[in-house]
Amino acid sequence: MIKASSENTSDSLAQLDKLLEHRSRLGACVLLADTDAMTFTSLKQLLKETDGNMGAHMRKLEDMGYVDIDKRFENRKPVTWYSLTEKGRRSLTTHLKALQAVIHSAGID
Amino acid sequence: MQPTQKFEEDVAFVREAVEKRDRMQYKSIAIAVLWAIILATGHSLNDFHPEISHLYWPIVTFIGFLISFWIAKRAMRARGVIRSGVRAKYGWHWGSLFVVIPITVSIALRHGLAMEPSVMNQFITLIVGVTFYLAGLHLDRRLIFPGIVHIVGAPAVDYLAPYPWTMVGLAIAASLIISALWMKPHDKSIV
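Taken in sequence, the protein lines are chains A and B.
Sequential numbering of the first sequence, starting at 102, is according to my numbering.
Sequential numbering of the second sequence, starting at 954, is according to my numbering.
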């Protein structure tokens, strides 16, 4: 029984998305999941990140095709809008299911 | 640290960020002031120029509805969060009035209920009050108080003098502005 539970946990751990293991990248994807778009500034403030760190996290998500980026000028200021891509949404769903399974198999929930 | 403990902390962190975003609601009182003016003016017309109030309400409230959406859309962009789902929820909620009120009036007319225009206005005020109250429960709790004032105001018209509708209209306008200024915004349902 214990062995089966341990195997389940390892299976779930294997399904976790490395890119989403960082809380800020996970948070950015979750926040974007039920919005059409959010600005870099609002994501940074909500996730309590610095400009540099948030920029690095978002670049990784963009490189993997998880987020789309739209840079525009609003009131003469550059504003960067992010939205979650279909690929990002699928990866987030898989990651969250695996996360739930890990927490469940550890008997925490 | 156990992996599960880290996951739990990450989930708590993300949940906090989501809750914070949901609390970041539009804080300007522009929409409240707009509706305070529309409702106070409309109700006072029931006392002073009842012959044009049936034209005022559908036209002005529809324009007010569109202006409110425009203000809210601009505010969302300024806040850095675009959520068409939230916009749609507000739209369906308030838009329902443009269906329910004509249906109520048509049922009354079809069954030959010889109501005074003022009595019909009382029923409509009650419907609008319930819509405000439900919006307060499910969308933005600042709307509960104006909802209660509408609901109390509808029957109170029978007992107020000399300008009952003007008094109710001013009370509704005041409740909208007081709620917008004093109550903390809240995106989430409180039920």
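From the three backbone atoms N, C-alpha and C, an ideal C-beta is built for every residue, glycine too.
Only a predicted model underlies this, so the values are computations on that prediction, with no experimental measurement involved.
Any chain B beta carbon closer than 9 angstroms to residue i
i	result
A:Asp152	no
A:Leu132	yes
A:Gly128	yes
A:Ala157	no
A:Thr195	no
A:Ala138	yes
A:Thr186	no
A:Glu175	yes
A:Arg190	no
A:Asp169	no
A:Asp118	no
A:Asp135	yes
A:Ile103	Only weak support is given to the placement of A:Ile103: the predicted model assigns it a pLDDT of 47, under 50, and the question is left unresolved by the model.
A:Leu148	yes
A:Arg160	no
Contact under 9 angstroms by Cβ, residue i with residue j
i	j	result
B:Ile1130	B:Val986	yes
B:His1046	B:Ala1088	yes
A:Met165	A:Leu144	no
B:Gly1048	B:Phe1018	yes
B:Gly1100	B:Val1083	yes
B:Tyr1043	B:Ala1025	yes
B:Thr1057	B:Phe1076	yes
B:Val964	A:Leu200	yes
B:Phe1098	B:Ser1059	no
B:Arg1036	A:Thr151	no
B:Arg1032	B:Met1120	no
Sequence-distant residues of the same chain with beta carbon closer than 6 angstroms to residue i, five excluded per side
i	result
B:Met1136	Arg1095
B:Asn1074	Asn999
B:Ala993	Gly1122, Leu1123, Ala1126
B:Trp1118	His996, Asn999, Asp1000
B:Leu1079	Ala1107
B:Val971	none
B:Tyr1116	Asp1000
Nearest to residue i (by Cα), restricted to the options the options
i	options	result
B:Pro1011	B:Leu1079, B:Met977, B:Val1053, B:Ser1037	B:Val1053
B:Leu1092	B:Arg968, B:Arg1040, B:Thr1057, B:Ser1006	B:Arg1040
B:Arg968	A:Thr142, A:Gln116, A:Leu127	A:Leu127
A:Leu133	A:Ile170, A:Gln116, A:Glu122	A:Ile170
A:Arg124	A:Asp135, A:Thr140, A:Leu148	A:Leu148
B:Val1034	B:Glu1004, B:Ile1104, B:Arg974	B:Arg974
B:Pro1003	B:Ala1025, B:Glu1069, B:Gly1065	B:Glu1069
A:Glu122	B:His1064, B:Phe966, B:Ser1059	B:Phe966
B:Ile1020	B:Ala1061, B:Ser1037, B:Trp988	B:Trp988
B:Ile1005	B:Ser1071, B:Gly1038, B:Ala1061	B:Ser1071
Chain A within 9 angstroms of residue i, Cβ atoms only
i	result
B:Asp1093	no
B:Phe966	yes
B:Thr957	yes
B:Ile1024	no
B:Gly1044	no
B:Ala970	yes
B:Thr961	Checking the sequence, you will find Glu at residue 961 of chain B rather than Thr. Yes - at least one Cβ of chain A is within 9 angstroms of the one on B:Glu961.
B:Val1102	no
B:Ser1037	yes
B:Arg974	yes
B:Arg1063	no
B:Val1034	yes
B:Met977	yes
Cutoff 7 angstroms; reference residue i; Cβ partners in own chain excluding five residues on either side
i	result
A:Glu175	none
B:Arg1030	none
B:Ala1133	Ile982, Ala985, Arg1095
A:Thr181	Thr140, Phe141, Ile170, Lys172
B:Val1081	Leu1050, His1103
B:Tyr1112	none
B:Lys1141	Because B:Lys1141 sits at a pLDDT of 45, beneath the cut-off of 50, its placement in the model cannot be relied upon, and the following sentence gives the value as read from the coordinates. Taken in chain order, the residues that qualify are Asp975.
A:Ile103	Per-residue confidence for A:Ile103 stands at a pLDDT of 47, beneath the threshold of 50, marking its modelled position as unreliable; the derived number appears in the next sentence. Result list for A:Ile103: empty, nothing under 7 angstroms.
Residue i Cβ short of 8 angstroms to the ligand GTP heavy atom set
i	result
A:Ala199	Ligands are entirely absent from the displayed structure, and the ligand GTP is therefore not among its contents.
Cβ shell of residue i (< 8 angstroms), same chain only, five flanking positions each side left out
i	result
A:Val168	Ala129, Cys130, Leu133, Met159, Leu162, Tyr183, Ser184, Leu185, Thr186, Gly189
A:Thr195	Gln116, Asp118
B:Tyr1009	Thr994, Gly995, Leu998
A:Ala138	Asp171, Trp182, Tyr183, Ser184
A:Pro179	Lys172, Arg173
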